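To keep things clear, I will list the structure first and then write my remarks on it.
2 protein chains.
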Amino acid sequence: MQMRATVPITVSGLKSACSQCNLVELCLPFGLSNRELNRLDELVGARRKIKRQHNLYHAGDPFEAIYAIRAGSFKTDVLLEDGREQVTGFQMTGEILGLDGISTEIHSCNAVALEDSEVCVIPYDKLEQMSHEVEGLQLQFHKVMSREIVRDHGVMMLLGSMRAEERLAAFLLNMSQRFTARGFSAQEFNLRMTREEIGSYLGLKLETVSRAFSRFQDEGLIAVQQKHVRLLEPARLKSLIQHQPGAR
Amino acid sequence: MQMRATVPITVSGLKSACSQCNLVELCLPFGLSNRELNRLDELVGARRKIKRQHNLYHAGDPFEAIYAIRAGSFKTDVLLEDGREQVTGFQMTGEILGLDGISTEIHSCNAVALEDSEVCVIPYDKLEQMSHEVEGLQLQFHKVMSREIVRDHGVMMLLGSMRAEERLAAFLLNMSQRFTARGFSAQEFNLRMTREEIGSYLGLKLETVSRAFSRFQDEGLIAVQQKHVRLLEPARLKSLIQHQPGAR
DNA sequence: TTTTTTGGTTGACGTGGGTCAACGGGTGTG
DNA sequence: CACACCCGTTGACCCACGTCAACCAAAAAA
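Taken in order, these protein sequences are the chains called A and B.
Numbering-wise (the working numbering), the first sequence opens with residue 67 and increments by one.
Numbering-wise (the working numbering), the second sequence opens with residue 67 and increments by one.
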């Protein structure tokens, strides 16, 4: 059973301070002046801790805030009545969650922590208000939303016209690139999600994901052990994605 | 060969007037007060006509404006180096094009007219500026972007976890619903796109789309002739989407 | 520690949809 | 008005991925 409190016990009283945060260049405040950054500190409310496997929000919840990931990682998914799940994305530190709720003021997907995590709560009404005042904030927020749209188009490309190995290669390279942006190794990292979650995201069954991992390993492209992945030949992985013979 | 002029000959000198437009409740100005609506008239620049098969913009073009469709319809697509195309959406009157360009200030997809069409050009810098001033405009714009994100998640669901017939059923019901919103018949309409474009959007080959159309017709769910579609049993179409046996 | 559960791998087999090919009707063009 | 091309349909065949099942390792619980 998961907690569903709107004001969960896990809320920390600490105010976040964007101006002090080392995630600025990955997060909403990117590109703001110091003066603007100080104003942002007013905007960002309390932090909130979310335990592994617990929801930050559920589909159907009223929309009140967006969230910036301070530590940890999440998945977002949508469910069909018959129980089918589609993972729509994996989010890492500095990325923004909850944008799906703006349009109808009700969240349209679930956000679930893949590990014990912490987010900064950004009340949406305050964000709206401050966007009117702070020059760069509005532009930055628009860019965050637009980036999400572009990212989604990339996933559609992947789901609509790539074969299994291409999808996994694209996924691994994307993860690598995002770890790099956070100062981690581009070649070696620990995935936070299961084969089944990867499969759901890539439109494949978990067995197919597992087999593709094994085949990559057999061909010397990567070294995998459970969630630990090492990219041995990223260039060859990259070339897998384009000019695939017999592409869909 | 397609024209690629940034200021094409097809630009009309006419200023658009949102306050006079019968598409308000489908378009960006939805929910604005009359006073706000009048301010919007300043914002919206010239109209621009796009001939069938011609691009409103190309991937790689610098981003300068977003576009509201005044008449006609479009598809957006992304291309892979090897020529594979993924249609990321079909857009109808009142819908907004170009949001993909905000994040990098370069368009990341192509927007192609499916028929002779006309758009209202909304210069982005002006929109940014006016969003600071006009109360409801910012919120409305955010909702438009958020709706796009939610829509994209729906497409991912479709591509990632539905079988061919479910995808086509979902597509037809979505078209029906959007025609209805524009005052057209929910049961009977003309598609503007080819089987190949539908296939690309749904992650299927054109032959599969054609076969699914035929099977629906055989089962008395619809009547199709070329691009003309009549939904005979929308309820049964709807039930096709959920609780499908042996779903992916 | 031992036990249980969950997650990952691998094999054998089946099938939905892709591929290739032929054909016919519409539609836009010269 | 006639030609050409594009679009849609249908059939035969094939293969990538799904399904089902067994098994093992790792992690969590007891």
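Just so you know, even glycine gets a beta-carbon here, dropped at the ideal spot from N, CA and C.
If you're wondering where the values come from, they're calculated on a predicted model, not measured in any experiment.
Whole-angstrom distance between residue j and residue i, CA atom to CA atom
i	j	result
Ala112(A)	Phe129(A)	17 Å
Lys304(A)	Glu108(B)	47 Å
Ile288(B)	Ser251(B)	14 Å
Glu184(B)	Phe279(A)	48 Å
Leu268(B)	Met222(B)	10 Å
Thr170(A)	Ser276(A)	38 Å
Glu315(B)	Leu270(A)	Outside the displayed range of chain B (67 to 314) lies residue 315(B), so it cannot be described from this structure.
Thr323(A)	Met259(B)	In the structure as shown, chain A begins at 67 and stops at 314. Residue 323(A) is therefore absent and cannot be evaluated.
Glu299(A)	Leu234(A)	14 Å
Gly249(B)	Ile135(B)	16 Å
Arg118(A)	Arg244(A)	21 Å
Asp148(B)	His173(B)	20 Å
Glu194(A)	Gln283(B)	49 Å
Met228(B)	His124(B)	30 Å
Cys186(A)	Lys192(A)	14 Å
Ile116(A)	Arg150(A)	24 Å
Leu306(A)	Glu199(A)	47 Å
Thr246(A)	Leu165(B)	27 Å
Leu224(B)	Asn100(A)	44 Å
Thr274(A)	Asn88(A)	38 Å
Asn104(A)	Leu122(A)	27 Å
His219(A)	Asp127(B)	17 Å
Thr154(B)	Phe237(B)	13 Å
Tyr190(B)	Leu106(B)	13 Å
Ser242(B)	Gly265(A)	31 Å
Val90(B)	Cys84(B)	7 Å
Thr76(B)	His120(A)	Residue placement at Thr76(B) is flagged as unreliable, the pLDDT there being 48, under the threshold of 50; a coordinate-derived value is accordingly withheld.
Leu272(B)	Ala131(B)	33 Å
Leu98(A)	Leu98(B)	30 Å
Beta-carbon separation (whole angstroms), residue i vs residue j, contact threshold 8 Å
i	j	result
Gln152(A)	Gly226(B)	5 Å
Leu205(B)	Met196(B)	About 13 Å; that fails the 8 Å criterion.
Ile188(A)	Tyr133(A)	7 Å
Arg281(A)	Glu214(A)	With 8 Å as the limit, Arg281(A) and Glu214(A) do not qualify as a contact, their Cβ atoms being about 32 Å apart.
His294(A)	Asn240(A)	Contact doesn't hold; Cβ gap of about 17 Å is too wide.
Arg302(B)	Glu254(B)	Not a contact, Cβ separation roughly 17 Å.
Leu146(B)	Gln308(A)	6 Å
Glu263(A)	Glu201(A)	Rounded, the Cβ-Cβ distance is 39 Å, inconsistent with contact.
Cys175(B)	Val144(B)	5 Å
Would the stretch 137-146 of chain B and the stretch 164-184 of chain B be scored as touching if the rule is three or more Cβ pairs under 8 Å?
Yes: the two stretches touch, three or more of their Cβ pairs being nearer than 8 Å.
Answer yes if the stretch 192-212 of chain B comes into contact with the stretch 93-109 of chain B, meaning at least three C-beta pairs across the two stretches below 8 Å, and no otherwise.
Yes, the stretch 93-109 of chain B touches the stretch 192-212 of chain B.
Residues within the stretch 134-149 of chain A neighbouring chain B, beta-carbon criterion of under 7 Å:
So the close ones are Val144, Leu146, Glu147, Asp148.
Counting Cβ pairs closer than 8 Å, one from the stretch 103-119 of chain A and one from the stretch 156-164 of chain A, do we hit at least three?
They do not touch, by the three-pair rule.
Completely contained beta strand (DSSP E) runs for the stretch 248-304 of chain A, where each covers 3 or more residues
Entirely contained in the stretch 248-304 of chain A, the beta strand (DSSP E) runs reaching 3 residues are, in chain order, 254-256, 288-291, 294-297.
Length at least 3, wholly inside the stretch 164-240 of chain B: the beta strand (DSSP E) runs in chain order:
Listed in chain order, they are 176-179, 183-189.
Which of the residues in the stretch 198-220 of chain B, read from start to end, lie with their CB under 7 Å from any CB of chain A?
His198, Gln204, Leu205, His208, Lys209, Met211, Ser212, Arg213, Glu214, Ile215, Val216, Asp218, His219: these are the residues of the stretch 198-220 of chain B whose beta carbon lies less than 7 Å from some beta carbon of chain A, given in chain order.
Give the residues from the stretch 224-258 of chain A that approach chain B closer than 7 Å (Cβ to any Cβ), ordered along the chain.
Near chain B, meaning a CB-to-CB distance below 7 Å, the residues of the stretch 224-258 of chain A are Leu225, Gly226, Ser227.
Name, going along the chain, the residues of the stretch 149-168 of chain A whose beta-carbon falls closer than 7 Å to a beta-carbon of chain B.
Hits within the stretch, in order: Arg150, Gln152, Thr154, Leu165, Asp166, Ile168.
Chain A contacts from the stretch 84-104 of chain B (Cβ-Cβ distance under 8 Å):
Those would be none; no residue qualifies.
Residues of the stretch 274-308 of chain A whose Cβ lies closer than 9 Å to any Cβ of chain B, in chain order:
Residues of the stretch 274-308 of chain A with a C-beta less than 9 Å from any C-beta of chain B: Ile307, Gln308, listed in chain order.
Where the stretch 184-199 of chain A meets chain B: residues whose CB sits under 7 Å from a CB there
Flagged, chain order: Glu194, Ser197, His198.
I'd like the ranges of any beta strand (DSSP E) spanning at least 3 consecutive residues and lying wholly in the stretch 81-165 of chain B.
If you keep only unbroken beta strand (DSSP E) runs of at least 3 residues inside the stretch 81-165 of chain B, you get 112-116, 121-123, 131-137, 140-145, 151-157.
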